[in-house]
Amino acid sequence: MSKLTTVLLTLLVLLAVGIGVLWHNNGKLNEKVSDLDASQKSAEAITKNVLTTVTLFNQISEANQNAKAQDALESQRAENDIKAAVANDDCANRLIPTDAVKRLREYADGIRSSSDNHATF
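Just so we're aligned: 580 in my numbering is position 90 of the sequence shown, and the numbers increase by one with no gaps anywhere.
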């Protein structure tokens with residue numbers, strides 16, 4: 491066998507080994523790409539769920555704030571209406587019976603405590 495043949499066979503063997511190594515590395519890289527793609531899809535799904543949850547909590551918070559503002563406005567209207575109704579009436583100068591005062595305070599305290607117990611964000 492001549493030197494040229496030996497060199498060519500050696501180069502052919504090295505080339506075959508090199509192709510085998512590259513083929514193997516390509517398989518590993520394809521697996522990593524698949525794993526990273528799955529991780530990315532999972533992260534996107536989680537992010538979408540978090541965004542949906544935050545949006546929902548923001549909507550609930552806004553609804554609670556609007557309800558509180560509406561309650562305060564209605565309370566102010568009722569107070570003004572009552573003041574206007576009794577402004578020139580002689581009942582405004584009379585004392586309110588003790589039992590009525592006690593019952594109104596209990597009722598008002600009940601309203602305050604029930605509004606304090608609602609979950610607000």
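Glycine is no exception: its CB is placed at the ideal position from the N, C-alpha and C atoms.
Just to confirm before moving on: does the CB-CB distance between A582 and V576 stay below 8 Å?
In this structure, V576 lies closer than 8 Å to A582 by Cβ.
Rounded straight-line distance, which links the Cα of E534 to that of H601:
At residue 601 the sequence reads Ile, which differs from the His that was named. Counting only the Cα atoms, E534 lies some 44 Å from I601.
Report the rounded CA-to-CA distance for K493 versus L499, giving the unit in angstroms.
Distance between the alpha carbons of K493 and L499 is about 10 Å.
Ordered list of alpha helix (DSSP H) runs contained in the segment 522–609, each at least 4 residues
Correct list: 588–606.
Could you tell me if the beta carbon of T542 falls within a distance shorter than 7 Å of some heavy atom in the ligand GTP?
Only the bare structure without any ligand can be found here, which leaves the ligand GTP out of the picture.
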